[in-house]
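Heads up: the sequence lines are chains A and B, in that order.
Read in order, the letters of the first sequence are residues 18 to 239 in this note's numbering.
Read in order, the letters of the second sequence are residues 18 to 239 in this note's numbering.
Glycine is no exception: its CB is placed at the ideal position from the N, C-alpha and C atoms.
In this text the structure is predicted, and so the values were computed from the model without any measurement.
Number of protein chains: 2
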Amino acid sequence: MTAPEATPRKRRSPEERRLEIASAAARIGLAEGLERITLRRVAEDVGVRPGLISHYFPEVDGLVATAFAHAAETERADMLAPDTTRPPDERVIALLDEVLSPASADFSRLWLNARIVSRYNALLRQSLAEQETLNRELLTALIRTGVETGDFVCASPERSALLILVLLDAASTYANEDVTEVTALVGALLFETAERELGLAPGALSARSAHLPPAAAPDPAS
Amino acid sequence: MTAPEATPRKRRSPEERRLEIASAAARIGLAEGLERITLRRVAEDVGVRPGLISHYFPEVDGLVATAFAHAAETERADMLAPDTTRPPDERVIALLDEVLSPASADFSRLWLNARIVSRYNALLRQSLAEQETLNRELLTALIRTGVETGDFVCASPERSALLILVLLDAASTYANEDVTEVTALVGALLFETAERELGLAPGALSARSAHLPPAAAPDPAS
DNA sequence: TCACATATTGAGCAAATGCCCAACAAGACT
DNA sequence: AGTCTTGTTGGGCATTTGCTCAATATGTGA
Numbered sequence: 018m019t020a021p022e023a024t025p026r027k028r029r030s031p032e033e034r035r036l037e038i039a040s041a042a043a044r045i046g047l048a049e050g051l052e053r054i055t056l057r058r059v060a061e062d063v064g065v066r067p068g069l070i071s072h073y074f075p076e077v078d079g080l081v082a083t084a085f086a087h088a089a090e091t092e093r094a095d096m097l098a099p100d101t102t103r104p105p106d107e108r109v110i111a112l113l114d115e116v117l118s119p120a121s122a123d124f125s126r127l128w129l130n131a132r133i134v135s136r137y138n139a140l141l142r143q144s145l146a147e148q149e150t151l152n153r154e155l156l157t158a159l160i161r162t163g164v165e166t167g168d169f170v171c172a173s174p175e176r177s178a179l180l181i182l183v184l185l186d187a188a189s190t191y192a193n194e195d196v197t198e199v200t201a202l203v204g205a206l207l208f209e210t211a212e213r214e215l216g217l218a219p220g221a222l223s224a225r226s227a228h229l230p231p232a233a234a235p236d237p238a239s
Numbered sequence: 018m019t020a021p022e023a024t025p026r027k028r029r030s031p032e033e034r035r036l037e038i039a040s041a042a043a044r045i046g047l048a049e050g051l052e053r054i055t056l057r058r059v060a061e062d063v064g065v066r067p068g069l070i071s072h073y074f075p076e077v078d079g080l081v082a083t084a085f086a087h088a089a090e091t092e093r094a095d096m097l098a099p100d101t102t103r104p105p106d107e108r109v110i111a112l113l114d115e116v117l118s119p120a121s122a123d124f125s126r127l128w129l130n131a132r133i134v135s136r137y138n139a140l141l142r143q144s145l146a147e148q149e150t151l152n153r154e155l156l157t158a159l160i161r162t163g164v165e166t167g168d169f170v171c172a173s174p175e176r177s178a179l180l181i182l183v184l185l186d187a188a189s190t191y192a193n194e195d196v197t198e199v200t201a202l203v204g205a206l207l208f209e210t211a212e213r214e215l216g217l218a219p220g221a222l223s224a225r226s227a228h229l230p231p232a233a234a235p236d237p238a239s
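The structure is reproduced here in structure tokens:
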């Protein structure tokens, strides 16, 4: 049925091709898992012969690491890009909402996946550490900005950034299953914790959450 | 150097052999990852030919699922076994301490690992869901007991159990890296959250934690 | 228009994995 | 001791994977 479809050989600049391969690999890793990034699978997606993939990435481990980095950068550009046009609190809300949204389930899974695979892949391990650091630095910077503008009150932005990032991970650990229940629960805790860490009144963030967890009614009186 | 070491053929009862294989697979999965559970690898550990593994587990997926279940049951027996001899609060503290301890890093990793691999392994997916449910039920029961004895005040034990379990996952997500910082941070949040969920005074649990996070000084006044 | 640098292919090797099955022998039973 | 059930082996086949390398042809520059 499906003819082998021998496309006429197409020649590209090394940089262009490298990027094309990395993108394809990132797409596969994101949609199907990092384990599915194989020479032949990527080659097929790019419309090229497996040998060419090896030519640009002498070892698959490097390709996987690059693919992860590529995806992580894409995600970061979406969620943590320095953006001076919006107030810090609004940016924090957007970040939390984004990660809690089902739309980012693939990215959440990818991070988990990377943590597991990095056990056997030193390059990926390094890439993971770098991306983690970058995210933490950007969130720290965002919190610092908020402190400077007077929006936040926070003794240790690095500490708070880490705590929030870990909780974001937690919220997405169950990215496989019916997330609704877990998301709602952890989402509430996440907003609550963020508010506390950033010196905000309860509800200051969660009340303006688009994705807002059902009834985040803080009820201190039992 | 290493002679093939042809051990004299040893015959066992099916149940015994099955358990032996499952244990070996669990050990491998725990120490090196579920991806390392292969017919030949397990056979080598058991001291048997690969064909025999196939005989007891017609498909590797089933063996992996069984191995995970085996490990999860072992862990549960250690941390969540019904135990009427100790008061509920003490048992909760022991649970949190246990998971935060570096000694349980392998188990934490295994759960993450299972979540990832279950994407390609339907049997493992089912096993994972079962083990999750069992853990949640046991923790729910523990909280219920605490409510009955008057130790805890908790509107929804199921809800609280889930939240605590998710946070435990979060604490161990970074089981690969230098956990110290993350563990301390999330550990503090974990105890704090548990205390809130169970209607306890701040510090009621954390103050008695053996593994206790450094300075869990609740400081409501900024 | 033609040559040339090099991006790309085609073919293949070695290793690892899952799975199958006929033959073998350990140990229980008579 | 001999028999017979069945746990166990040995060998092998089909796939998939990473990687190599000489040969090919594309598109640029002379």
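### Message
Once DSSP output is grouped into helix, strand and coil, what is the label at residue 76 of chain A?
### Response
Here the question's residue 76 of chain A lines up with position 59 in the first sequence. Note: residue 76 of chain A maps to coil in three-state DSSP.
### Task
Kindly indicate which three-state DSSP category residue 29 of chain A falls into: helix, strand or coil?
For this step, residue 29 of chain A is matched to residue 12 along the first sequence. Residue 29 of chain A falls in the coil class under three-state DSSP.
### Message
By the three-class DSSP mapping on this structure, what secondary structure does residue 153 of chain B have?
### Response
The residue given as residue 153 of chain B occupies position 136 in the second sequence. Shown here, residue 153 of chain B sits in a helix according to DSSP, grouped into three states.
#### Entry: Among B:119, B:203, B:72, B:156, nearest to residue 32 of chain B - alpha-carbon criterion
As a first step, residue 32 of chain B must be located in the second sequence, where it is residue number 15. Out of B:119, B:203, B:72, B:156, B:72 has the C-alpha closest to the C-alpha of residue 32 of chain B.
### Task
Using a Cβ cut-off of 8 angstroms, pull out every chain B residue sitting near residue 163 of chain A, in sequence order please.
On the first sequence, residue 163 of chain A is found 146 positions in, with the first residue counted as 1. Within chain B, no residue comes near residue 163 of chain A; the closest Cβ sits about 15 angstroms away, beyond 8 angstroms.
### Task
Taking a Cβ distance cut-off of 8 angstroms, strictly less, list which residues of the segment 199-212 of chain A are near chain B, in chain order.
Near chain B, meaning a CB-to-CB distance below 8 angstroms, the residues of the segment 199-212 of chain A are 199, 202, 203, 206, 210.
### Task
Could you please tell me which residues of the segment 62-93 of chain A, in chain order, have their CB closer than 8 angstroms to any CB of chain B?
Correct list: empty, as no residue qualifies.
### Query
Within 8 angstroms (strictly less), CB to CB, does residue 183 of chain B reach chain A?
Here residue 183 of chain B corresponds to residue number 166 of the second sequence, with the count starting at 1. Yes, its Cβ sits closer than 8 angstroms to a Cβ of chain A.
### Limits of the unbroken alpha helix (DSSP H) element including residue 110 of chain B
As a first step, residue 110 of chain B is located in the second sequence; it is residue number 93 there, counting from the start. Residue 110 of chain B -> alpha helix (DSSP H) spans 105-117.
### Message
Using the three-state DSSP reduction, which class does residue 81 of chain A fall into: helix, strand or coil?
### Response
Counting from 1 along the first sequence, the entry for residue 81 of chain A is found at position 64. Reduced to three states, the DSSP call for residue 81 of chain A is helix.
#### Entry: Backbone CA spacing between residue 119 of chain B and residue 93 of chain B [nearest angstrom]
For the purposes of this step, residue 119 of chain B is identified with residue 102 of the second sequence, where counting begins at 1. For the purposes of this step, residue 93 of chain B is identified with residue 76 of the second sequence, where counting begins at 1. The C-alpha of residue 119 of chain B lies about 17 angstroms from the C-alpha of residue 93 of chain B.
### Query
First and last residue of the alpha helix (DSSP H) that includes residue 212 of chain B?
Here residue 212 of chain B is taken as the residue at index 195 of the second sequence, counted from 1. Boundaries of the alpha helix (DSSP H) harbouring residue 212 of chain B: 197-214, taken from the DSSP string.
### Query
Beta-carbon separation of residue 50 of chain B and residue 84 of chain B under 8 angstroms?
Working through the second sequence from its first residue, we reach residue 50 of chain B at position 33. Working through the second sequence from its first residue, we reach residue 84 of chain B at position 67. Not in contact: residue 50 of chain B and residue 84 of chain B (Cβ atoms no closer than 8 angstroms).
### Query
With 8 angstroms set as the bound, which would you pick, yes or no: does the beta-carbon of residue 187 of chain A sit closer than that to a beta-carbon of chain B?
Taking the first residue of the first sequence as position 1, residue 187 of chain A is located at position 170. For residue 187 of chain A, a Cβ of chain B is located within less than 8 angstroms of the residue's own Cβ.
### Query
Does the distance from the C-beta atom of residue 200 of chain B to that of residue 188 of chain B stay below 8 angstroms?
As a working note, residue 200 of chain B is residue 183 in the second sequence. As a working note, residue 188 of chain B is residue 171 in the second sequence. The Cβ atoms of residue 200 of chain B and residue 188 of chain B sit closer than 8 angstroms to each other.
### Message
Is the separation between the beta-carbon of residue 108 of chain B and that of residue 95 of chain B shorter than 8 angstroms?
### Response
On the second sequence, position 91 is the one that residue 108 of chain B refers to. On the second sequence, position 78 is the one that residue 95 of chain B refers to. In this structure, residue 108 of chain B sits away from residue 95 of chain B, with a CB-CB distance that is not shorter than 8 angstroms.
#### Entry: residue 126 of chain B, DSSP secondary structure in three states
By 1-based counting over the second sequence, the position of residue 126 of chain B is 109. Helix.
### Message
Using the three-state DSSP reduction, which class does residue 237 of chain B fall into: helix, strand or coil?
### Response
Residue mapping note: residue 237 of chain B aligns to position 220 of the second sequence, counting from 1. Legend: pLDDT at residue 237 of chain B = 44, less than 50; position of this residue unreliable, no value from coordinates given.
### Message
Closest to residue 206 of chain A by C-alpha separation, out of A:184, A:190, A:197, would be which residue?
### Response
To locate residue 206 of chain A, count along the first sequence from 1; it is residue 189. The option with the nearest alpha carbon to residue 206 of chain A is A:184.
### Query
When DSSP labels each residue in this structure, what does residue 228 of chain A get in the three-state scheme?
Start at 1 with the first residue of the first sequence, and residue 228 of chain A comes out as number 211. Residue 228 of chain A falls in the coil class under three-state DSSP.
#### Entry: Residues of its chain near residue 69 of chain A, where Cβ-Cβ distance is below 7 angstroms and the 5 sequence neighbours each way are ignored
Taking the first residue of the first sequence as position 1, residue 69 of chain A is located at position 52. Closer than 7 angstroms at the Cβ level, and outside the excluded window around residue 69 of chain A, lie 60.
### Query
Is the Cβ-Cβ distance between residue 80 of chain B and residue 54 of chain B less than 8 angstroms?
Counted from its first residue, the second sequence places residue 80 of chain B at position 63. Counted from its first residue, the second sequence places residue 54 of chain B at position 37. Pairing residue 80 of chain B with residue 54 of chain B gives a Cβ-Cβ distance under 8 angstroms.
### Query
Taking the continuous alpha helix (DSSP H) assigned at residue 187 of chain B, which residues delimit it?
Residue mapping note: residue 187 of chain B aligns to position 170 of the second sequence, counting from 1. For residue 187 of chain B, the uninterrupted alpha helix (DSSP H) run begins and ends at 174-190, by DSSP.
### Task
With a 10 Å radius around its C-beta and 16 neighbouring C-beta atoms as the bar for buried, classify residue 177 of chain A as buried or exposed.
As a position in the first sequence, residue 177 of chain A is number 160, starting the count at 1. Looking at its Cβ environment, which holds 16 or more other Cβ atoms inside 10 Å, residue 177 of chain A is buried.
### Task
Look up residue 135 of chain B in the DSSP assignment and say whether it is helix, strand or coil.
Mapped onto the second sequence, residue 135 of chain B falls at position 118. Of the three classes helix, strand and coil, the one that applies to residue 135 of chain B here is coil, per DSSP.
### Query
Does DSSP put residue 54 of chain B in a helix, in a strand, or in coil?
Locating residue 54 of chain B in the second sequence gives position 37, counting from the first residue. Residue 54 of chain B falls in the coil class under three-state DSSP.
### C-beta contact flag for residue 211 of chain A and residue 202 of chain A at 8 angstroms
Locating residue 211 of chain A in the first sequence gives position 194, where the first residue counts as 1. Locating residue 202 of chain A in the first sequence gives position 185, where the first residue counts as 1. No. Outside cutoff.
### Task
Measure the C-alpha to C-alpha separation of residue 213 of chain B and residue 63 of chain B and round it to an integer number of angstroms.
Stepping through the second sequence from its first residue, residue 213 of chain B is reached at position 196. Stepping through the second sequence from its first residue, residue 63 of chain B is reached at position 46. The straight-line gap separating the alpha-carbon atoms of residue 213 of chain B and residue 63 of chain B is approximately 47 angstroms.
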